[in-house]
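K.L.:
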Amino acid sequence: MKKLWSGRFKEKTSKIVEYFTGSISFDHRLWKYDIKGSIAHAKMLGKQGIITLEESKKIIKGLEEITNEIETGRFVFREELEDIHMNIESALIKKIGDTGGKLHTARSRNDQIALDLRLFIRTEIKGIIVLVKKFQKTLLNISIKHLDTLMPGYTHLQRAQPVLLSHHILAYVEMLQRDVERLKDALKRVNLLPLGSCAVAGTSLPVDRAYVAKLLEFDGVSQNSIDAVSDRDFVIEFLSNAAIIIMHLSRLAEELVLWSTEEFKFMELPDAFATGSSIMPQKKNPDVAELVRGKTGRVYGSLLSLLTIMKGLPLSYNRDMQEDKIPLFDTVDTIKACLTVMNEMFPGIKFNTKRMHETADEAYSTATDVAEYLVKKGLSFRKAHEITGKIVLYCVEGKKKLGDLTLKELHNFSGLFSNDIYSCLKAEESVKSRRSPGGTSLKEVTKQIIRLRKIVGGR
Ligand code: ARG
Numbered sequence: 244m245k246k247l248w249s250g251r252f253k254e255k256t257s258k259i260v261e262y263f264t265g266s267i268s269f270d271h272r273l274w275k276y277d278i279k280g281s282i283a284h285a286k287m288l289g290k291q292g293i294i295t296l297e298e299s300k301k302i303i304k305g306l307e308e309i310t311n312e313i314e315t316g317r318f319v320f321r322e323e324l325e326d327i328h329m330n331i332e333s334a335l336i337k338k339i340g341d342t343g344g345k346l347h348t349a350r351s352r353n354d355q356i357a358l359d360l361r362l363f364i365r366t367e368i369k370g371i372i373v374l375v376k377k378f379q380k381t382l383l384n385i386s387i388k389h390l391d392t393l394m395p396g397y398t399h400l401q402r403a404q405p406v407l408l409s410h411h412i413l414a415y416v417e418m419l420q421r422d423v424e425r426l427k428d429a430l431k432r433v434n435l436l437p438l439g440s441c442a443v444a445g446t447s448l449p450v451d452r453a454y455v456a457k458l459l460e461f462d463g464v465s466q467n468s469i470d471a472v473s474d475r476d477f478v479i480e481f482l483s484n485a486a487i488i489i490m491h492l493s494r495l496a497e498e499l500v501l502w503s504t505e506e507f508k509f510m511e512l513p514d515a516f517a518t519g520s521s522i523m524p525q526k527k528n529p530d531v532a533e534l535v536r537g538k539t540g541r542v543y544g545s546l547l548s549l550l551t552i553m554k555g556l557p558l559s560y561n562r563d564m565q566e567d568k569i570p571l572f573d574t575v576d577t578i579k580a581c582l583t584v585m586n587e588m589f590p591g592i593k594f595n596t597k598r599m600h601e602t603a604d605e606a607y608s609t610a611t612d613v614a615e616y617l618v619k620k621g622l623s624f625r626k627a628h629e630i631t632g633k634i635v636l637y638c639v640e641g642k643k644k645l646g647d648l649t650l651k652e653l654h655n656f657s658g659l660f661s662n663d664i665y666s667c668l669k670a671e672e673s674v675k676s677r678r679s680p681g682g683t684s685l686k687e688v689t690k691q692i693i694r695l696r697k698i699v700g701g702r
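Numbering-wise, the sequence shown is residues 244 to 702 according to our numbering.
(1) Tell me whether histidine 328 is buried or exposed, calling it buried when 16 or more other Cβ atoms sit within 10 Å of its Cβ.
(2) Between which two residues does the beta strand (DSSP E) holding tyrosine 397 run?
(3) In angstroms with no decimal places, state the Cα-to-Cα distance between alanine 485 and lysine 626.
(4) Who are glycine 463's beta bridge partners in DSSP?
(5) Buried or exposed for glutamate 680, going by 16 or more other Cβ atoms inside 10 Å?
(6) Could you give the residue range of the alpha helix (DSSP H) that holds proline 405?
(7) If you count every other CB in all the chains shown that lies within 10 Å of the CB of histidine 399, and 16 or more means buried, which is it?
(8) Mapping DSSP to helix, strand and coil, what is phenylalanine 594?
(9) At a threshold of 8 Å, does histidine 328 count as lining the ligand ARG (C-beta to nearest heavy atom)?
(10) Does methionine 287 come out as helix, strand or coil in the three-state DSSP assignment?
(11) I'd like to know whether the C-beta atoms of arginine 365 and valine 433 end up nearer to each other than 9 Å.
(12) Do three or more CB pairs link the segment 574-586 to the segment 374-382 at distances below 8 Å?
(13) Measuring straight from C-alpha to C-alpha, what distance separates asparagine 595 and serine 676?
(14) In terms of DSSP beta bridges, what is methionine 510 paired with?
(15) Report whether the distance from the Cβ of arginine 352 to the nearest heavy atom of the ligand ARG is below 8 Å.
(16) Taking 8 Å as the cut-off, is the beta-carbon of glutamine 565 closer than that to any non-hydrogen atom of the ligand ARG?
(17) Could you tell me the alpha carbon to alpha carbon distance between glycine 658 and leucine 617, rounded to whole angstroms?
(18) Taking the Cβ atom as the reference point for each residue, do alanine 283 and leucine 435 lie within a distance shorter than 9 Å?
(19) Rank Ala517, Arg536, Ser521 and Ser661 by C-alpha distance to the C-alpha of aspartate 527 and give the top, closest one.
(20) So, with DSSP's three-state summary, where would you put threonine 602?
(21) Looking at C-beta atoms only, is the number of pairs between the segment 471-480 and the segment 554-567 that lie closer than 8 Å three or more?
(22) Between threonine 609 and leucine 668, how many whole angstroms is the CB-CB distance? I'm expecting something under 8 Å.
(23) Going by DSSP in three states, threonine 518 sits in which element: helix, strand or coil?
(24) Considering only DSSP beta bridges, list what asparagine 528 is partnered with.
(25) What is the DSSP secondary structure of glutamate 424, counted as helix, strand or coil?
(26) Return yes when at least one heavy atom of the ligand ARG lies under 8 Å from the C-beta of glutamine 355, else no.
(27) What residues in its chain sit with their C-beta under 7 Å from that of serine 493, if we drop five residues either side in the sequence?
(28) Please indicate yes or no: does the CB of arginine 321 lie closer than 8 Å to some heavy atom of the ligand ARG?
(29) Determine the direct distance from the alpha carbon of arginine 352 to that of isoleucine 469, and round the result to whole angstroms.
(30) Beta carbon of arginine 562: closer than 8 Å to some heavy atom of the ligand ARG?
(31) Output needed for glycine 325: all residues of its chain with C-beta closer than 6 Å, excluding positions within five of it in sequence on either side, in chain order.
(32) Determine contact between the segment 382-396 and the segment 409-428, defined as no fewer than three beta-carbon pairs at a distance below 8 Å.
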């Protein structure tokens, strides 16, 4: 098939070059956006009298027929036509003749691809927000079920202080909420029309960019034609947001891996979301969680790939930028798959609440409560910390629990102890007492649930 830019050339393009420079094998994915943009552009050209209204209608009808052919699998994408833009335009010209050649008036592939990408990312961001919210709801429902489940809160992966399982899960709902907010914010910068910037300098033809923006539901038009065709910061911003989302999912996935070990035994994965070993019959492996953790590497790689592609490019458009698509598409697919699988897996997780509670009671996890007890009796925190540290050491050496100590033994460390210390040593009491805003007491955690439910929406 004849190339749309063949006029300037005497020789045919080498097959190797066609293969090397072509993007149709992956950018065919943008066809819907490409046609949507072309229809809006054709409408504007007709309205402005740049082409006649009949020509505009003819072009739109042709594009609608192409839509139908693609949807029904009858359209043949051709490698020698390079990319999605030229595949569709060539098909249009073949279909309606020279009128089809008028579609590319006051337009370049440079602003066209920027438009397609913006339309694609806009749609995908909205879809990803829906998936994040779904997962937030699932986590919220689980946290409501576990308002009375105690577990150790960790720092340095060492048992630190008892917390509610509900509180721990809600931490992820908070993270995901910031992810949603970041995506919404990015949407503001994505949702601007680049079309009309043409190759780099704009056009001498009387286009109406605001009209096209309105047709395509953009919030406005880009303000600098050079910037509009040359930057991909909106792709990079999306990839950064995606990297943060998957980093959050990866941490959660890591906890699932850890918690389902024999050593932790905090939970069991649903059979449907675990896999077996080909050699060891006893194994039940957390492969889904591991893959969510592993796929994080791909998303980070995509972000780094785009940052690197862009860093040395002189203004404005450079063909290097075609390399943005595979990392972008892969990231969209990866994020959506990870959110979907995590959301499906979570309701089937069985938490071993007894084991969690027992673990929360062990390992001197209420030592901070002892120090705070002494503070309430008038000691400085540093002094209280030191005394409590000595008590813990005494227990470690004598293989005792804090609760085993008699009042007499405690008096060897401080005369401020009386009988009321014993209630402080229980994990339940410790949790109950953490009433500072955002703390782990039932009251505070319930407040968090109510707030998040309003944001995320009910069941
Ligand atoms: N396939 C190209 C890309 O993805 C479209 C723009 C091509 N523009 C050009 N002047 N060669 O970036």
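Using N, Cα and C, we set each Cβ at its ideal position, and we do this for glycine too.
Source: prediction; values computed, not measured.
P.N.:
If we stick to the structure as given:
(1) Looking at its Cβ environment, which holds 16 or more other Cβ atoms inside 10 Å, histidine 328 is buried.
(2) 393-398
(3) 46 Å
(4) Leu435
(5) In the sequence on display, residue 680 carries proline and not glutamate. By the C-beta density criterion, proline 680 is exposed, having fewer than 16 other C-beta atoms within 10 angstroms.
(6) First-last for proline 405: 401-407, but that is the beta strand (DSSP E), not the alpha helix (DSSP H).
(7) Answer is exposed; the Cβ neighbour count stays below 16.
(8) strand
(9) yes
(10) helix
(11) yes
(12) Touching, yes.
(13) Looking at the two C-alpha atoms, the distance is approximately 24 Å.
(14) Note: methionine 510 sits in a beta bridge opposite Phe594.
(15) yes
(16) Yes, the Cβ of glutamine 565 comes within 8 Å of a heavy atom of the ligand ARG.
(17) 10 Å
(18) no
(19) First, the amino acid is wrong: residue 527 is lysine here, not aspartate. Looking at the Cα atoms, Ala517 is the closest of the given residues.
(20) In the structure shown, threonine 602 sits in a helix (DSSP, three-state: H, G or I).
(21) yes
(22) 5 Å
(23) strand
(24) Thr518
(25) Three-state result, glutamate 424: helix.
(26) yes
(27) Val535, Arg536 and Thr539
(28) Not under cutoff, so the answer is no.
(29) 14 Å
(30) yes
(31) The sequence given here places glutamate at residue 325; glycine does not occur at that position. Gly265, listed in sequence order.
(32) yes
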